[in-house]
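First residue of the sequence shown? That's 0 in numbering that gives the first Met the number 0, and the numbers climb one at a time after it. Note that beta-carbon positions come from the ideal geometry of N, C-alpha and C, so glycine has one too. These numbers were taken from a predicted model, which means no experiment stands behind them.
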Amino acid sequence: MSRKSETIKVLNELLQGEYMAVDSFNNFISRLDDEKVINCFKEVQKQHRENIDKLATYIQDIGGQPDENLGMKGKMGEMMLNMELGSKTDTNAIIEKAIEGETKGVNMAEKVLRGDLDDRSRDIAGEILE
Numbered sequence: 000m001s002r003k004s005e006t007i008k009v010l011n012e013l014l015q016g017e018y019m020a021v022d023s024f025n026n027f028i029s030r031l032d033d034e035k036v037i038n039c040f041k042e043v044q045k046q047h048r049e050n051i052d053k054l055a056t057y058i059q060d061i062g063g064q065p066d067e068n069l070g071m072k073g074k075m076g077e078m079m080l081n082m083e084l085g086s087k088t089d090t091n092a093i094i095e096k097a098i099e100g101e102t103k104g105v106n107m108a109e110k111v112l113r114g115d116l117d118d119r120s121r122d123i124a125g126e127i128l129e
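Spelled out as structure tokens, the structure:
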């Protein structure tokens, strides 16, 4: 696999994580009643949507095709989240799950940054972490 193809593959994995985050926050927001928490979650979700736009545009700019779906991994994650939360609308449990998901996302982005990326791709991945 060429370096460019590997870069596109890795960036698409990061993109998939961003789609998973948006989907998870849709799930969280639909379960919440607390307007302050809902608004905070909407802001976090907005950042993930901006990350999606940034990554998808960059992948196209370098000649790749953004993988714009959740994929099997995302569907499994969504199913697990629904099973773990059940019918709960407990704000604290939802916040804990959101923090857990964000932590996994940060770890994934850090792993991408440690990989073999060109400088511009590394910068884009780094911006996702900000």
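Check                                                                                                                                                         : Outcome
DSSP on D33, reduced to helix/strand/coil?                                                                                                                    : coil
Applying the criterion that 16 or more other CB atoms from any shown protein chain within 10 Å of the CB defines a buried residue, is G114 buried or exposed? : exposed
Given a cut-off of 8 Å, decide if I93 and R48 are closer than it, judged by their beta-carbon atoms.                                                          : no
Once you ignore the five residues that flank I28 on each side, which residues in its own chain have a CB closer than 8 Å to its CB?                           : I37, F40, K41, Q44
Check L116 in the structure and name its three-state DSSP category.                                                                                           : coil
Which value, in whole angstroms, describes the spacing of the CA atoms of D32 and D60?                                                                        : 41 Å
Taking the CB atoms as reference points, tell me whether G104 and L112 lie closer together than 8 Å.                                                          : no
On a CA-only basis, which of G85, R121, N106 is nearest Q7? Give me that one, please.                                                                         : For clarity, residue 7 is Ile in the given sequence; the question names Gln instead. Checking every option, the nearest Cα to that of I7 belongs to R121.
Three-state secondary structure (DSSP) at D89?                                                                                                                : coil
Report the residue from A108, R119, L116 whose alpha carbon sits nearest the alpha carbon of E129.                                                            : A108
Quick check on G62: buried or exposed, where buried means 16 or more other Cβ atoms within 10 Å of its Cβ?                                                    : exposed
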